[in-house]
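Written below as structure tokens is the structure these notes are about.
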Amino acid sequence: MAGNAQKMPVGLRVATSGFVIFWLILAAFPFIWTFWGSFKVELDFFSLTNWTNALTGERTQAAHGSPFTGAGYRGSWIQEEFWRNVINTLIVCFFVVCTSLTIGTLGGYALSRSSHRYTFWLLITALIFRAMPPITLVSGYLLPFFEWNIWGILPTTIIVLVAINQPFTLWMLHSFFQNIPKELDESAKVDGCTQFQAFRFVIVPVMWPGVITTGLFSFLLAYNDFAVTSMLLSASNRTMVPEIAAYLGTTYTEGNVMFAVSAVVSASVPLFLLVMFFQRQIVSGLTAGAVKG
Amino acid sequence: MRHTTFFWFFLPTATAMLLFIAAPIVSVVIQSVFAPHEAVFIEVESCTPLVGCKTETTIDQEATRALKEAQPLGRFVGLETYFNRGHLAVAEVRELWLNEPDWSSFFNRLGNLPFYRAMAFTLTFTFIVTPLVILVGLMVALAVNTVHERLKGVVIFFSLLPFVITPLIGALVLFWMIDARGILGTAIQWLANDPDLSLKASTGMMWVSLIVYGVWHAAPFAFVIFYAGLQTLPLDQIEAAQIDGASRFQRVRYVVVPHLMPLITFVALMQLMDNFRVFEPIVGFNAEAHAQSLSWAIFNDLGGEVQQLSSAAATSVMTIIGVAILLSPVLYRTWRDNRRAA
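In order, the protein sequences belong to chains A and B. The working numbering applies: residue 92 is where the first sequence begins, and numbers increase by one. The working numbering applies: residue 1084 is where the second sequence begins, and numbers increase by one.
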């Protein structure tokens, strides 16, 4: 867009730059503010007297002898044993990503290589399933899960999250596989491979960029989910997000809001690293869905 | 690919979706036409010397339990749950219809019924947030497209943050800032010159906050997609429009927007689906006193002290019908195109 046609008058240039800066502040400032505030005491982060206390940490200085304190983190990680929830989240995310990629890859590959009419309807069905709010499905799970006595444990949640993930995974992998030339596996089949061998030895080696991108979105879905994890996990098996929600009920009364603030910051750090290292893949994944859409 | 090969490749994912998406839909439909058993009462005659005998009615725990075990779904009530006060409230609505003098008082009273309350917020949220997300996303994409090449990576990094953040966490981060003692809350009090102003106290302000959160959370999604679309913009068309004397705004309106139209449709479709299920911000903003959505109503029924499965199931079925209505134009168009192609 550096063509002559796009040369802009000074006024407009200033206005757009200003708008971009405004947008950046809007997008980033809440996180910076909360990160900074998580090292303060509650009376500074929620200051009645003077809002600059949240910056300087006046009460924190008075209470802990330094304008920064790790008291909130100590409280949530050690006293409330937040590390247990972190481990649960790791387990859930790991298995959800692995399982949904394995079965999604097989299904997406089949959809991209079959020319029958039912593939179209399968994709449309997946789109309808994608539109179902997870909480409506959860109200369908609860009674059977209670009856079969599998409520509250991690494997149940993992399988449910994998299933909720599938429509999206299928759409995305379907479009990635369509970009891999059909001639590759056709020629392998001419050489005597079965369809599965063609998939295993010809397609698998070249599919990783698409699979990694899809995996990132599966991870985000499992990591960010609240509806399913909060309803299907018992208190001792909670992952991070429902645990933070549970803090809200108890901490507001006990005056330990800073536990929740530090837990929120702890839970956002992995997402920041994810965007930092996989920005390109996230952008390409978002647009891949749109172009096909 | 042969049918059998396709079948084996597709079997695992199909099983997962049938068992955990299709079956639960059937399950909510079934649960919604059953209600919990009423307790079984028995009359016990207790006699005390000197006082005499009296009969007491007590719950027969054993018989109640046996009944529950024999029919775990409860008793069949048909569509009763749908029509009761907690849902479509047919009797109440008829009464309001007959007795309320004018439209505004009718709608006011209707808004006090839980289902219509949740419906009103869900629809307002969906149909205000979706266009705003598209508008803000488009503006950011157009603006970012003009900044220096080196800065674009940084801008995209920060722009993605509100989108990838866990919805509940994003809502909490904003909620703590707009708290009367938080930085934005203080700023608003200062701007309005009213030290007692609290966003949490007013329904209107709470709705606005939730909508702001919705736009903040989803605008990056629209931005990234529109930005990618702008990279494929045909420059010759832009130049031709300029030679024809189109102003900058006219070029955006008549060349850029039509070029992005398929992407705008896509974003609109995704946003309609996602905003209709609005749920986490209400929990994060602690806003249930002022704003309830359909998803929140289901969550509340399921997570309350007494689990109300059939009430949740009835709301779920009506939510699914709502999703179907939202999707129907898209589905109809796809079906028509597909039939034409065949």
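Glycine included, every Cβ here is placed at the ideal spot set by N, Cα and C. Owing to the predicted nature of the structure, the values given are computational and were not obtained by experimental measurement.
- At a cut-off of 8 Å between beta-carbon atoms, glutamate 238 of chain A makes contact with chain B.
- Its Cα nearest to that of serine 1115 of chain B, the residue B:Glu1163 stands out among B:Glu1163, B:Gly1253, B:Thr1140 and B:Gly1387.
- Closest in C-alpha terms to proline 1107 of chain B, from the list A:Ile255, A:Asn270, A:Phe287 and A:Gln288, comes A:Ile255.
- By the neighbour-count criterion, in which 16 or more other beta carbons inside 10 Å mark a residue as buried, methionine 367 of chain A falls on the exposed side.
- A straight line joining the alpha-carbon of glycine 1268 of chain B with that of tryptophan 127 of chain A spans about 18 Å.
- Here the C-alpha atom of leucine 1346 of chain B lies approximately 17 Å from the C-alpha atom of leucine 1410 of chain B.
- Taking the Cα of proline 1250 of chain B as reference, the smallest distance to any Cα among B:Gly1386, B:Val1366, B:Pro1412 and B:Ile1113 is reached at B:Val1366.
- In chain order, Ala1396 and Val1400 place their CB closer than 8 Å to the CB of valine 1112 of chain B, counting only its own chain and leaving out the 5 sequence neighbours on each side.
- Put simply, the CB of leucine 228 of chain A is near chain B, with a gap under 8 Å to one of its CB atoms.
- Going by DSSP, glutamate 1121 of chain B is part of no beta strand (DSSP E) at all; its letter is neither H nor E.
- In this structure, alanine 351 of chain A sits near leucine 339 of chain A, with a CB-CB distance shorter than 8 Å.
- Chain-ordered listing is empty here: chain B has no CB closer than 8 Å to the CB of glutamine 269 of chain A, the nearest sitting near 13 Å.
- Looking only at B:Pro1412, B:Tyr1199, B:Ser1378 and B:Leu1244, the smallest Cα-Cα distance to leucine 365 of chain A is reached by B:Leu1244.
- Of B:Asp1277, B:Leu1094, B:Phe1208 and B:Thr1213, the smallest CA-CA separation from glycine 198 of chain A is found for B:Leu1094.
- By alpha-carbon distance to phenylalanine 267 of chain A, the top candidate from A:Ser230, A:Ser203 and A:Ala326 is A:Ser203.
- Look at isoleucine 123 of chain A: its C-beta is not under 8 Å from any C-beta on chain B.
- In this chain, the alpha helix (DSSP H) harbouring glutamate 274 of chain A covers 273 to 281.
- Assignment of glycine 1328 of chain B by DSSP, reduced to helix, strand and coil, places it in the coil class.
- Not a single CB atom of chain B sits nearer than 8 Å to the CB of arginine 165 of chain A.
- The residue from B:Tyr1337, B:Gly1161 and B:Gln1354 with its alpha-carbon nearest to that of leucine 1316 of chain B is B:Tyr1337.
- Chain A has no Cβ within less than 8 Å of the Cβ of proline 1184 of chain B.
- Closest option to glutamate 1322 of chain B, judged by alpha-carbon separation, among B:Val1247, B:Arg1158, B:Ile1404 and B:Val1335: B:Val1335.
- When only Cα atoms are considered, leucine 115 of chain A and leucine 1293 of chain B end up about 20 Å apart.
- Take leucine 146 of chain A, set aside five residues on each side of it, and the residues of its chain with a beta-carbon closer than 8 Å to its own are Trp127, in chain order.
- Under the three-state reduction of DSSP, phenylalanine 1159 of chain B is assigned to strand.
- Listed by position along chain B, the residues whose Cβ is nearer than 7 Å to that of arginine 204 of chain A are Met1084.
- A Cβ-Cβ distance of about 6 Å is found for the pair valine 1361 of chain B and threonine 1205 of chain B, placing them in contact under the 8 Å criterion.
- With respect to serine 1378 of chain B, proline 258 of chain A sits apart: the two C-beta atoms are not nearer than 8 Å.
- Only buried fits arginine 329 of chain A, as 16 or more other CB atoms lie within 10 angstroms of its CB.
- In this model, leucine 1133 of chain B and alanine 1122 of chain B are separated by some 33 Å (Cα to Cα).
- By the neighbour-count definition (other C-beta atoms within 10 Å, threshold 16), threonine 1402 of chain B is a buried residue.
- By the 16-neighbour rule on beta-carbons within 10 angstroms, glutamate 1152 of chain B is exposed.
- Beyond the five residues adjoining it in sequence on each side, leucine 312 of chain A comes within less than 6 Å, by CB distance, of Asn256 in the same chain, given in chain order.
- Within the stretch 1166 to 1193 of chain B, the complete alpha helix (DSSP H) runs of at least 4 residues fall at 1173 to 1182 and 1186 to 1193.
- Rounded to whole angstroms, the gap between the alpha carbons of leucine 1102 of chain B and proline 235 of chain A is 12 Å.
- Under the Cβ distance rule, methionine 223 of chain A counts among the residues neighbouring chain B, one pair being separated by less than 8 Å.
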